[in-house]
Amino acid sequence: MWKIGGISVDGRVVLGPMSGFTSESYRDFMKPFGVAVSVTEMTSDMGVIHGIRRTVPYIAFGDNHPTGVQLFGNDPDNLAEAASRALEINPGIDFFDINMGCPVAKVVRNGSGSALMKDPAKCGEIVRRVKAAAGVPVTAKIRLGWSASSMNFRQVIDELTAAGADAIALHVRTREERYAGTPHYDLAEGLRSEMSVPLIISGNIYSADDAAAAVRITGADAVMVARGGVGNPFLVTQIDRLFRTGEVLPNPTVSQQVDWCLRFADMLIAEKGEDAAFRKLRSYAPRFIAGCYRCRGYRNRLSEEIVDRGSLVSIMEEIRGRMGSERICADGRAERPEPYVPEE
């Protein structure tokens, strides 16, 4: 058990924010697998302030607690106002997470996301203002720094902690690296022992072994599952069980993956309508069978041919009939398709 401010957290898996992916239905789908805390996909502070209609679904949710709303922007006053406005729309928001790690050009161009790390004092001021305005816990997601020559994450952590941050998530790459290459867990070795607030560690968590190694090296209170969980929801269960009991669970069968894909499809359709849901499912669905042996053709069909629930069911049931009892690969990374899925 650990805490985000006064919020008790039972479990060590945090569902990371992914732009375009971590919608309400996805968060609700993943929760029963063992997610202890969810974070929404990033939401523009100015979109909330100006009441832009498309921002409302980003901060709406039902009984999935605790859930934090991730805000991005570059001005402390605007972010504070956005937090206040968001609570008027959804008083059930448990905490706010400030995006200080997104490496995408259109975000950093105006000084948001990981560009904020160039000014550690400003990072602290943002947390201070948002916390004062919102009256709920505030966390931040950061990176190691802007580049290999400016890894200032410890300085940023000091500023955030002094400002009252209730937890800090660290993606162990620089902005320059984005999502490429091996994450640098070694640079954060023992980091939690230097901190007075919880540490959530992020970067290439694709297996329970990855999660255990990340915690062993850094001492983190929790791990953030993002890209590794898309199409592989049982990963969360495997990590959760390993931390709770030490048990190593086998990978799921293809038949289980088919069931979970169809369940998620129904939840996404209910949230977004069939047309919008299937535009997204053409990215999601192939990942549910990414660990299957010799199923590249099926992945291609799922990404190109599904247009409604019937077409999805038809292909998935064909897959079940051919290989339903097989287990997905122990390491699906080699075969797992990697569309651009930004972790914020």
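In this text, residue positions in the sequence shown follow my numbering: the first is 339, and each later residue adds one. Note that CB positions come from ideal geometry on N, CA and C, so glycine has one too.
Subject >> Distance between residue 639 and residue 646 (C-alpha atoms, nearest Å) >> reply: Their Cα atoms are separated by approximately 13 Å.
Original post:
If you draw a straight line from the C-alpha of residue 394 to the C-alpha of residue 386, how long is it?
Top reply: 7 Å
Original post:
Anyone know if the C-beta pair for residue 651 and residue 600 falls short of 8 Å?
Top reply: Taking C-beta atoms as the reference points, residue 651 and residue 600 count as a pair closer than 8 Å.
**OP:** Take residue 462 and list the residues in its own chain whose beta-carbon comes closer than 7 Å to its own, dropping the five residues that flank it on each side.
**Re:** 497, 498, 500 and 501
Subject >> Strand pairing of residue 406, partner residues [DSSP] >> reply: 377 and 433
**OP:** Mind listing, in chain order, the continuous beta strand (DSSP E) runs of no fewer than 3 residues lying wholly within the stretch 420-464?
**Re:** 433-437
Original post:
When the distance is taken between beta carbons, is residue 371 closer than 8 Å to residue 583?
Top reply: Not a contact, by the Cβ cut-off of 8 Å.
Original post:
DSSP puts residue 353 in a beta bridge; with which residues?
Top reply: Residue pairing by DSSP places residue 353 opposite 376 and 563 in a beta bridge.
**OP:** Rounded to whole angstroms, what's the CA-CA distance from residue 347 to residue 409? Just pull it up for me.
**Re:** Rounded to whole angstroms, residue 347 to residue 409 spans 21 Å at the Cα level.
**OP:** Name the residue from 563, 564, 472 and 454 whose alpha carbon lies nearest to the alpha carbon of residue 512.
**Re:** 454
Original post:
For residue 436, does the count of other Cβ atoms within 10 angstroms reach 16, so buried, or fall short, so exposed?
Top reply: buried
Subject >> Cβ pair residue 619, residue 644 closer than 8 Å >> reply: Yes, the pair counts as a contact, with Cβ atoms nearer than the cut-off.
**OP:** Under 8 Å by Cβ, that's how I've got residue 467 and residue 546 pegged, so tell me the actual separation to the nearest angstrom.
**Re:** Not really, about 39 Å apart at Cβ, beyond 8 Å.
Subject >> Length-filtered (4 minimum) alpha helix (DSSP H) runs lying within the stretch 575-629 >> reply: 592-610 and 612-626
**OP:** State buried or exposed for residue 452, treating a residue as buried only when at least 16 other CB atoms are found within 10 Å of its CB.
**Re:** Looking at its Cβ environment, which holds 16 or more other Cβ atoms inside 10 Å, residue 452 is buried.
Subject >> Proximity below 8 Å, CB of residue 354 to CB of residue 562 >> reply: yes
**OP:** Determine the contact status of residue 504 and residue 537, defining contact as a CB-CB distance below 8 Å.
**Re:** no
Original post:
Does the beta-carbon of residue 339 have 16 or more other beta-carbons within 10 angstroms, so that it is buried, or is it exposed?
Top reply: exposed
Original post:
Roughly how far, in whole angstroms, is the beta-carbon of residue 377 from the beta-carbon of residue 406, given that I think they are within contact range, below 8 Å?
Top reply: 5 Å
Original post:
Closest by CA to residue 570, which one among 341, 356, 368 and 352?
Top reply: 368
Subject >> Spatial neighbours of residue 459 in its chain, beta-carbon cut-off 8 Å, leaving aside the 5 residues before and after >> reply: 497
**OP:** Specify the secondary structure class of residue 645 as computed by DSSP and reduced to three states.
**Re:** coil
Original post:
What is the DSSP secondary structure of residue 360, reduced to helix, strand or coil?
Top reply: coil
Original post:
Can you tell which of 391, 383 and 432 has the C-alpha that lies nearest to the C-alpha of residue 344?
Top reply: The candidate whose alpha carbon is nearest that of residue 344 is 432.
Subject >> N-terminal and C-terminal residue of the beta strand (DSSP E) that residue 481 is part of >> reply: 476-481
**OP:** Mind reading off the beta-carbon distance from residue 421 to residue 397? Whole number of angstroms is fine, and I expect it under 8 Å.
**Re:** That belief does not hold up - the Cβ atoms of residue 421 and residue 397 are roughly 10 Å apart, past 8 Å.
Original post:
Is it buried or exposed for residue 515, if we count other Cβ within 10 angstroms and need 16 for buried?
Top reply: buried
**OP:** Starting from the N-terminal side, write out each stretch of the alpha helix (DSSP H) that is 4 residues or longer and does not extend beyond the stretch 466-524.
**Re:** Qualifying alpha helix (DSSP H) stretches, in chain order: 491-500.
Subject >> Close Cβ partners of residue 667 (< 6 Å) along its chain, the five nearest in sequence each way excluded >> reply: If you ignore the 5 residues before and after residue 667, its C-beta comes within less than 6 Å of the C-beta of 629, all in its own chain and listed in chain order.
**OP:** Indicate whether residue 506 and residue 404 have their beta-carbon atoms separated by less than 8 Å.
**Re:** no
Original post:
Whose C-alpha, out of 365, 508 and 608, is nearest the C-alpha of residue 556?
Top reply: Looking from the CA of residue 556, the closest CA among 365, 508 and 608 belongs to 508.
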